[in-house]
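S.K.: Dumping the structure here so I can ask a few things about it.
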Amino acid sequence: MHGLGIPTTRALAIVGSPDKVLREEVETAAVVTRVAPSFLRFGHFEHFASLGRQEELKQLADHAIANHFPEILSLPQGSAQYLGLLEIVVQRTAVLLAHWQSVGFCHGVMNTDNMSLLGLTIDYGPFQFLDGFDPAHICNHSDHQGRYAYARQPQIAFWNLYCLGQALLPLVQDQDAAVEVLDVYKTLYPAQLDQRMAAKLGLKEVKAGDHALIDAVFKLLATERTDFTIFWRRLSQAVAGYATGQQTAAFDKVGDMFIEPSAWQIWLGQYLSRLAEEDLALSAQAMLACNPKYVLRNHLGEQAIRQAKMGDFSEVATLLKLLSAPFEEHPGFESYAAFPPDWASTISISCSS
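Here it is in structure tokens:
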């Protein structure tokens, strides 16, 4: 996630043990140590609010403001500062969710205890990067109702923000003002997503009509469950070829990803009309810098795990190298950016994964 430029906690170390533990199966134990400026979560505030412990709630909010959001201290003391805290968290959460959706990242367990006050990706449990694009994809096999499906993540984030707002209400003391701040998410998140998707399309800025173009490509990918990462990388390479004069033939490898080409051809025509307003060389360069070639797909992680269980950590080292620089080509490692094998769809992950 750090290699992709997405706000995240970082891995510091992993400590293994020969002791056996029962997870999905009996396996050896390990502890991953992660670091961040803070691990404060929405749920910490809910905890004190639900118990009516307003003094501790105030101490926690004051601590967060003083240590992580000092710009809020310029506001009048009292409710204005707590409202300012809520506003910053709304903004950071909107940015984070736009990041996630733009790369096809599924978190899997988006409860309020797993939402960072700093807008970081936190609690890596049953997470997954999409293979075929399915808005209804559920990456956690214990999420039987699909509460945290890919397409629902932005809405769940909004719900979680409301829970945080409710927890802070004893300090804010103005329900209408809190709701007004929370509702900013409804416009900020879509605008952030449009900006990220426009960048993936090689568009320097979002113009009128671009949202419809973005919405259309999402629908196009969903129709045939087109591989999300490969589509965007091939599109980037196609624009690079198009910029050098290869004409529409440069997009043939992208079109090959669709069984029914008519919808693709219609969208491509609309896209090329919009792209004509851009500097093609700059667009291609920007697209290759924001559409990764490598992401941590489930089957890659599974292969690394199987080898590590036998004492061979070479695959872990390879993945670390590739995923630390996911936008680079890394010649000789093309298989790590290929379509997933059929057995990848049988991988089942949960909170115990």
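Using this note's numbering, you'd call the opening residue of the sequence shown number 52 and step up by one each time.
Think of the CB as a built atom: it goes at the ideal place given N, C-alpha and C, for glycine as much as any other residue.
A quick note: this is a predicted structure, and the numbers were derived from the prediction, not measured.
Quick one: what's residue 122 bridged to in DSSP?
M.R.: The residue you call residue 122 lines up with position 71 of the sequence shown. Residue 122 pairs with nothing; no bridge assigned.
S.K.: Can you pull the DSSP bridge partners for residue 172?
M.R.: Locating residue 172 in the sequence shown gives position 121, counting from the first residue. DSSP, once it has assigned bridges, lists 59 as partnering residue 172.
S.K.: Specify the secondary structure class of residue 377 as computed by DSSP and reduced to three states.
M.R.: By one-based count along the sequence shown, residue 377 stands at place 326. Reduced to three states, the DSSP call for residue 377 is coil.
S.K.: Looking only at its chain, what residues have a beta carbon closer than 8 Å to the beta carbon of residue 306, apart from the 5 residues adjacent to it on each side?
M.R.: Within the sequence shown, numbered from 1, the residue matching residue 306 stands at position 255. These residues qualify, in order along the chain: 312, 315, 316, 319.
S.K.: Between residue 100 and residue 108, what straight-line distance do the alpha-carbon atoms span, to the nearest angstrom?
M.R.: Reading the sequence shown from its first residue, position 49 is the one you call residue 100. Reading the sequence shown from its first residue, position 57 is the one you call residue 108. Their backbone Cα atoms lie some 7 Å apart in a straight line.
S.K.: Whose CA, out of 357, 387, 321, lies closest to the CA of residue 346?
M.R.: Position 295 of the sequence shown, counted from the first residue, corresponds to residue 346. Closest option to residue 346, Cα to Cα, is 387.
S.K.: Beta carbon of residue 59, beta carbon of residue 163: below 8 Å?
M.R.: For the purposes of this step, residue 59 is taken as residue 8 along the sequence shown, with counting starting at 1. For the purposes of this step, residue 163 is taken as residue 112 along the sequence shown, with counting starting at 1. Their beta carbons are not under 8 Å apart, which means residue 59 does not touch residue 163 by this criterion.
S.K.: In chain order, what residues of the same chain have a beta carbon less than 6 Å from the beta carbon of residue 400, not counting five sequence neighbours either side?
M.R.: Here residue 400 refers to the residue found at position 349 of the sequence shown. Taking residue 400 as the centre and dropping the five residues before and after it, the same chain places the C-beta of 177 closer than 6 Å to its C-beta, in chain order.
S.K.: With distances taken from CA atoms, which of 165, 284, 130, 166 is nearest residue 390?
M.R.: The count along the sequence shown starts at 1 and reaches residue 390 at position 339. It is 284 whose Cα lies nearest to the Cα of residue 390.
S.K.: Tell me whether the beta-carbon of residue 338 lies closer than 8 Å to the beta-carbon of residue 251.
M.R.: Taking the sequence shown and counting its residues from 1, one reaches residue 338 at position 287. Taking the sequence shown and counting its residues from 1, one reaches residue 251 at position 200. Yes, these two residues count as a Cβ contact at 8 Å.
S.K.: Under 7 Å: does the beta carbon of residue 113 sit that close to some heavy atom of the ligand MN?
M.R.: Ligands displayed in this structure: none; no statement on the ligand MN is therefore possible.
S.K.: Taking only the alpha-carbon atoms, compute the straight-line gap between residue 302 and residue 253 and give it to the nearest angstrom.
M.R.: Residue 302 sits at position 251 when you count from the first residue of the sequence shown. Residue 253 sits at position 202 when you count from the first residue of the sequence shown. Spanning the alpha carbons of residue 302 and residue 253 requires a straight line of approximately 15 Å.
S.K.: Please give me, in chain order, every unbroken run of the alpha helix (DSSP H) with length at least 4 that falls completely inside the region 76-121.
M.R.: 93-101, 105-119
S.K.: Rounded to whole angstroms, what is the Cα-Cα separation between residue 230 and residue 275?
M.R.: In the sequence shown, the residue the question calls residue 230 occupies position 179. In the sequence shown, the residue the question calls residue 275 occupies position 224. So the alpha carbons of these two residues sit roughly 39 Å apart.
S.K.: Would you give the residue range spanned by the alpha helix (DSSP H) that residue 266 belongs to?
M.R.: Numbered from its first residue, the sequence shown carries residue 266 at position 215. That run of the alpha helix (DSSP H) goes 261-275.
S.K.: Tell me the DSSP bridge mates of residue 217?
M.R.: Start at 1 with the first residue of the sequence shown, and residue 217 comes out as number 166. DSSP output for residue 217 lists no bridge partner at all.
S.K.: Tell me whether the region 202-213 and the region 141-151 touch, counting them as touching only if at least three CB pairs, one residue from each stretch, are closer than 8 Å.
M.R.: yes
S.K.: If residue 376 and residue 155 are in contact, beta carbons under 8 Å, what's the gap, nearest whole angstrom?
M.R.: Mapped onto the sequence shown, residue 376 falls at position 325. Mapped onto the sequence shown, residue 155 falls at position 104. Not really, about 19 Å apart at Cβ, beyond 8 Å.
S.K.: Which of the three DSSP states, helix, strand or coil, is assigned to residue 364?
M.R.: Position 313 of the sequence shown holds residue 364. In the three-state reduction of the DSSP assignment, residue 364 falls in the coil class.
S.K.: Please state the DSSP three-state secondary structure of residue 372.
M.R.: What you label residue 372 is simply residue 321 of the sequence shown in a count that begins at 1. Helix.
S.K.: Taking buried to mean at least 16 other C-beta atoms within 10 Å of its own C-beta, is residue 159 buried or exposed?
M.R.: The residue you call residue 159 lines up with position 108 of the sequence shown. Buried, because 16 or more other Cβ atoms sit within 10 Å of the Cβ of residue 159.
S.K.: Cutting at 7 Å between CB atoms, please list the residues of its own chain near residue 200, excluding the five before and the five after it.
M.R.: If you number the sequence shown from 1, residue 200 lands on position 149. Cβ within range, chain order: 187, 188, 189.
S.K.: Note down the Cα distance separating residue 420 from residue 298, rounded to an integer number of angstroms.
M.R.: The structure shown has nothing for residue 420, since the chain only spans 52 to 404.
S.K.: Going along the chain, which residues of its own chain have a beta-carbon closer than 7 Å to the beta-carbon of residue 367, five neighbours each way excluded?
M.R.: Counted from its first residue, the sequence shown places residue 367 at position 316. Cβ neighbours of residue 367 beyond the five flanking positions: 355, 359.
S.K.: Going by the beta-carbon positions, is the gap between residue 279 and residue 184 smaller than 8 Å?
M.R.: Against the sequence shown, residue 279 aligns to sequence position 228. Against the sequence shown, residue 184 aligns to sequence position 133. Yes, Cβ-Cβ distance for residue 279 and residue 184 is below 8 Å.
S.K.: When the Cα of residue 385 is compared with those of 363, 362, 351, which residue comes out closest?
M.R.: Taking the sequence shown and counting its residues from 1, the one referred to as residue 385 is at position 334. The candidate whose alpha carbon is nearest that of residue 385 is 351.
S.K.: Counting only runs of 4+ residues fully inside the region 278-314, write out the alpha helix (DSSP H) ranges in chain order.
M.R.: 279-294, 303-306
S.K.: Is the beta carbon of residue 322 sitting closer than 8 Å to the one on residue 222?
M.R.: Along the sequence shown, one-based indexing puts residue 322 at 271. Along the sequence shown, one-based indexing puts residue 222 at 171. Against a cut-off of 8 Å, the Cβ pair of residue 222 and residue 322 comes out as no contact.
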